[in-house]
Every structure is written in structure tokens, then in C-alpha cells.
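**Q** Starting off with a structure, shown below.
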Amino acid sequence: MDAASNHIEQFYDQQGVLNVKAHFLFTAMAAVILSLFSNSVEAQNTAPGTRVVVVDIAVVMENNNKFKAKLEAIQSEIDTFDDTLDQKREEVKAKVEELRGYKAGSAAYTSLEQEIAQIQSDVSVQMQIKRKSVLMKESQVFYDSYAEVVEQIRTFSERNGIALVLNFDSKPIDPSSRESVLKGVNKDIVYQRSLNITSYIIKAINGGSAANVGTNPTTTGTR
Numbered sequence: 012m013d014a015a016s017n018h019i020e021q022f023y024d025q026q027g028v029l030n031v032k033a034h035f036l037f038t039a040m041a042a043v044i045l046s047l048f049s050n051s052v053e054a055q056n057t058a059p060g061t062r063v064v065v066v067d068i069a070v071v072m073e074n075n076n077k078f079k080a081k082l083e084a085i086q087s088e089i090d091t092f093d094d095t096l097d098q099k100r101e102e103v104k105a106k107v108e109e110l111r112g113y114k115a116g117s118a119a120y121t122s123l124e125q126e127i128a129q130i131q132s133d134v135s136v137q138m139q140i141k142r143k144s145v146l147m148k149e150s151q152v153f154y155d156s157y158a159e160v161v162e163q164i165r166t167f168s169e170r171n172g173i174a175l176v177l178n179f180d181s182k183p184i185d186p187s188s189r190e191s192v193l194k195g196v197n198k199d200i201v202y203q204r205s206l207n208i209t210s211y212i213i214k215a216i217n218g219g220s221a222a223n224v225g226t227n228p229t230t231t232g233t234r
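So the sequence shown is numbered by the numbering used here: it starts at 12 and just counts up by one.
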């Protein structure tokens with residue numbers, strides 16, 4: 012026991028009853044301070060919006076089953092249209108062969124030539140219309156799917172007290188690819204540890220639940 016402790020002990024021994032009162036006073040003060048400190052820590056731990064996490068939106072979209080199904084439906088529509096174009100091409104090809112059997116400038120030749128030109132014109136217009144339609148559908152699919160992903164991220168974040176979600180690229184840099192290296196060098200997020208919520212959002216977007224997670228969400232990549 013050091014000198015300071017001895018002086019304190021002697022002081023309280025001399026005070027008698029005051030020693031007991033002081034003991035209870037210090038005990039009470041310590042309890043109050045401890046209580047205030049505990050409440051402060053608890054408030055800090057439970058305060059909403061105190062965490063920052065990352066998510067790879069590209070990976071989420073690549074693994075979004077509904078998104079992929081919608082794109083496949085559009086691709087199926089394109090394939091069906093391509094089949095129709097193939098039929099038109101064969102039709103034009105056959106008519107061109109037939110045209111060779113007529114004398115240039117004859118009524119039959121001119122009539123068939125106009126018919127071929129009309130088919131080609133119609134096909135060109137149909138292609139432009141279809142292209143515009145497909146682009147609009149794709150745009151809507153991308154928008155709707157992205158909006159749904161953002162909503163899942165919002166729900167997940169609110170449940171877990173997350174204030175900021177940053178989009179990042181989790182793919183490793185390929186040193187043999189100049190494009191990959193340049194892309195990697197320009198990444199906004201250079202490093203993160205156990206902050207990647209991509210797997211949780213993929214699960215939620217595919218019909219799972221964006222459940223609460225612990226302090227450190229499992230990472231699907233530390234880049």
C-alpha cells in the first residue's frame with residue numbers, strides 16, 4: 012500500500028461515523044456514474060444510422076432471378092422476331108431469284124421489283140419499331156429491378172442501423188488485363204473488412220429475408 016493510501020485510510024479511521032457515511036456516498040456516486048456510462052454506451056450501440064457498409068450492385072443484379080427472367084423473356088421476344096426476319100429474308104431471296112427470270116423493264120419485272128422493295132421497306136420499319144420497343148422494355152426492366160434492389164437495401168439498412176451504403180466492385184483485379192488493372196486502380200473503395208452485405212441483399216431479392224445481422228456482416232469479398 013502506498014503513502015497516499017495510508018493517509019486516506021488513517022483519515023477515514025479518525026472520522027468514525029463519517030467514514031461510514033463517506034463510504035456510502037462514494038458507493039452511490041460510483042453507481043450513478045456507472046449507470047450513466049452504461050446508458051451512454053447502450054445508446055451508442057443502439058443508435059440508428061451509425062454504420063457504413065458496401066454492396067456490389069452488379070453482383071446483385073447478376074444473381075437477381077426475377078431480373079434475369081425478365082431479360083430472358085425479352086430475349087425470347089427478340090428471337091421470335093429474328094425468326095420472322097429470317098422468313099422475310101428467304102421470301103425476298105426467292106423473289107430476287109424469280110426476278111431474274113423476267114426481262115428488265117417489263118411490267119412483270121417492275122411489279123415484282125416494287126414488291127421486293129416494299130417487303131424490304133416494311134422489314135426495315137418493323138426492325139426500327141422492334142428495336143425501340145426492346146430498348147424501352149429493357150430500360151423499364153433495369154429500372155424496376157434496380158428500384159427493388161434499392162428498396163431491399165433500404166429495408167436491410169433500417170433494420171440494422173446502417174446509415175450509408177456504398178456501391179463497390181468486388182471482382183479481383185486481373186493483372187494480365189490492362190482494362191481490369193485500370194478499372195481496379197480507379198475503384199472508389201480500396202479496402203473493406205466484413206462490411207459487404209451483397210449476399211444478404213441477393214437472398215432478400217430472391218424471396219429470402221433481409222434479416223437482422225450481427226455487428227459484422229459476413230463478407231463476400233474484401234477488396
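Here a beta-carbon is modelled for each residue, glycine too, at the ideal position from N, C-alpha and C. Fair warning: this is a prediction, and the values are worked out from it, not measured in the lab.
Write down every uninterrupted run of the beta strand (DSSP E) in the segment 143-211 whose length is 3 residues or greater and which is fully enclosed by it, in chain order.
**A** The qualifying runs are 173-178.
**Q** Going residue by residue through the segment 74-112, where are the continuous alpha helix (DSSP H) segments of at least 4 residues, counting only ones entirely within it?
**A** Qualifying alpha helix (DSSP H) stretches, in chain order: 76-110.
**Q** Taking Cβ positions, are residue 167 and residue 211 nearer each other than 9 Å?
**A** Yes, Cβ-Cβ distance for residue 167 and residue 211 is below 9 Å.
**Q** Please confirm whether residue 126 and residue 104 have their CB atoms less than 9 Å apart.
**A** No, these two residues do not count as a Cβ contact at 9 Å.
**Q** Taking all protein chains shown into account, decide if residue 3 is buried (16 or more other Cβ within 10 angstroms of its Cβ) or exposed.
**A** The question about residue 3 has no answer here: the residues shown for the chain are numbered 12 through 234.
**Q** For residue 66, count neighbouring C-beta atoms within 10 Å of its own C-beta (all shown protein chains included) and say buried if the count is 16 or more, exposed if not.
**A** Buried: at least 16 other Cβ atoms inside 10 Å.
**Q** Looking at residue 160: is its Cβ nearer than 9 Å to the Cβ of residue 75?
**A** Their beta carbons are under 9 Å apart, which means residue 160 touches residue 75 by this criterion.
**Q** Candidates 179, 181 and 164: which alpha carbon is nearest residue 173's?
**A** Looking at the Cα atoms, 164 is the closest of the given residues.
**Q** If contact is defined by three or more beta carbon pairs under 8 Å, each pair taking one atom from either stretch, is the segment 80-98 in contact with the segment 176-192?
**A** These segments do not touch.
**Q** Skipping 5 residues on each side, what residues in its chain have a beta carbon closer than 8 Å to that of residue 145?
**A** If we look at residue 145 and ignore the five residues flanking it on each side, its Cβ neighbours are 85, 88 and 89.
**Q** Nearest by alpha-carbon distance to residue 77: which of 183, 109 and 155 is it?
**A** When only C-alpha atoms are compared, the closest one is 155.
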